[in-house]
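S.K.:
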Amino acid sequence: MDEYMEKALDIVEAQAAVRPMTEEEILAQVRRLRSLLRRMETDEKAPEEEKKTRRSIREQRILCLECGRSFRMLTSRHLATHRLTPDEYRDKWGLKKDTPLLCRALQKARRTTMHSIRLWERRSSAEKGDAVPDLPACTGA
Ligand SMILES: [Zn+2]
6 MDEYMEKALD IVEAQAAVRP MTEEEILAQV RRLRSLLRRM ETDEKAPEEE
56 KKTRRSIREQ RILCLECGRS FRMLTSRHLA THRLTPDEYR DKWGLKKDTP
106 LLCRALQKAR RTTMHSIRLW ERRSSAEKGD AVPDLPACTG A
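Here's what the structure looks like:
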């Protein structure tokens, strides 16, 4: 049983307590409420505006939601033509603060770079660790 079904049952139970309902009525009402509740929830999670914003970031380009032109990345210089900073732009269109204003391909490339930098850092610090001379064994002298 899913949560919508549970909520629907709660509501119908309350309705059945105040007025007599036939079994068919109850079943039909539960089904109706369940799909209604599910639709409400889905709408809340993905309002039209948010969907539009998410769609603006594509594989090879990112759409400027201000002017509708597409770019590989939205630079602060371009956003300045709309009198917006990148932060203000994210705020205005409901993007998360850390959303990169890049097309997906560039996001991926950037992640790969960050990943190899981290690997390199780990390797070089491991090497440094190796370089530390072994402490002389304590002889108790
Ligand atoms: Zn623009």
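According to our numbering, the sequence shown is numbered sequentially starting from 6.
All C-beta atoms in this analysis are idealised placements derived from N, C-alpha and C, irrespective of residue type, glycine included.
#1: How many angstroms separate the CA atom of L111 from the CA atom of K102?
#2: With three or more C-beta pairs closer than 8 Å as the rule, is the region 56-67 touching the region 105-124?
#3: Going by C-alpha distance, which of E53, A13, E46 is nearest Q34?
#4: So K12 is in the alpha helix (DSSP H); what residue range does that whole segment cover?
#5: Give me, in chain order, the residues of the same chain whose beta-carbon lies closer than 7 Å to that of L38; leave out the 5 immediate sequence neighbours on both sides.
#6: Can you confirm whether the region 116-128 touches the region 85-96 when touching is taken to mean that 3 or more C-beta pairs between the two stretches lie within less than 8 Å?
#7: Is any heavy atom in ligand 1 found nearer than 7 Å to the beta carbon of E71?
#8: Taking the straight line between their C-alpha atoms, what separation do you get for E53 and K97?
#9: Count the other CB atoms, across all protein chains shown, that sit within 10 Å of the CB of S81; report buried if there are 16 or more and exposed otherwise.
#10: Taking the alpha-carbon positions, what's the R24 to R36 distance?
#11: If I follow the unbroken alpha helix (DSSP H) through E93, where does it start and stop?
M.R.: Straight from the coordinates:
#1: 18 Å
#2: yes
#3: A13
#4: 8-23
#5: A13, I16, V17
#6: no
#7: yes
#8: 15 Å
#9: exposed
#10: 18 Å
#11: 91-97
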